[in-house]
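For the sequence shown, the numbering used here gives the first residue as 110, with consecutive numbering after it. Using N, Cα and C, we set each Cβ at its ideal position, and we do this for glycine too. As the structure is a computational prediction, the values presented were derived from the model and not from experiment. To keep things clear, I will list the structure first and then write my remarks on it.
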Amino acid sequence: PATLAQVSLHHGGDDQSSYGVSVVDGFNVGLSVTPHEGRGNCPVLACRPSRYSDFFKSECPQAFTYAHDSPSLTHQCSAPRELKVIFCH
């Protein structure tokens, strides 16, 4: 099982960066993604460990928790100077 950070940097005509967190394949480490100085909807994503997969959605509401979860969980931020990804245990 692995916690994934999904990042696509500087794509499209308006310099978009997309990011998301996935626990579809399991959870093994806490994770946060923090955009800095971007424009638009640029939320900080954080995920904490949980004992049971049924609780992934309550513990990681902004993460993909199953294969066909909501596409709105991929966040796009225009021209962030950096995306800080922190893995913690």
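inquiry  = Tell me the DSSP secondary structure of Phe-164 in three-state form.
reply    = helix
If you reduce the DSSP assignment to three classes, tell me which class Pro-180 lands in. helix
If distances are taken between C-alpha atoms only, which option among Gly-147, Thr-174, Glu-146, Ser-187 comes closest to Asp-114?
In the sequence under discussion, the amino acid at residue 114 is Ala, which differs from the Asp named in the question. That would be Thr-174, whose Cα lies nearest to the Cα of Ala-114.
Item to check | Residue span of the beta strand (DSSP E) that contains Ala-114, given as start and end | outcome: 113-120
Exercise for the section: Give the DSSP-derived three-state secondary structure of Gln-171 in the structure shown. Expected result: coil
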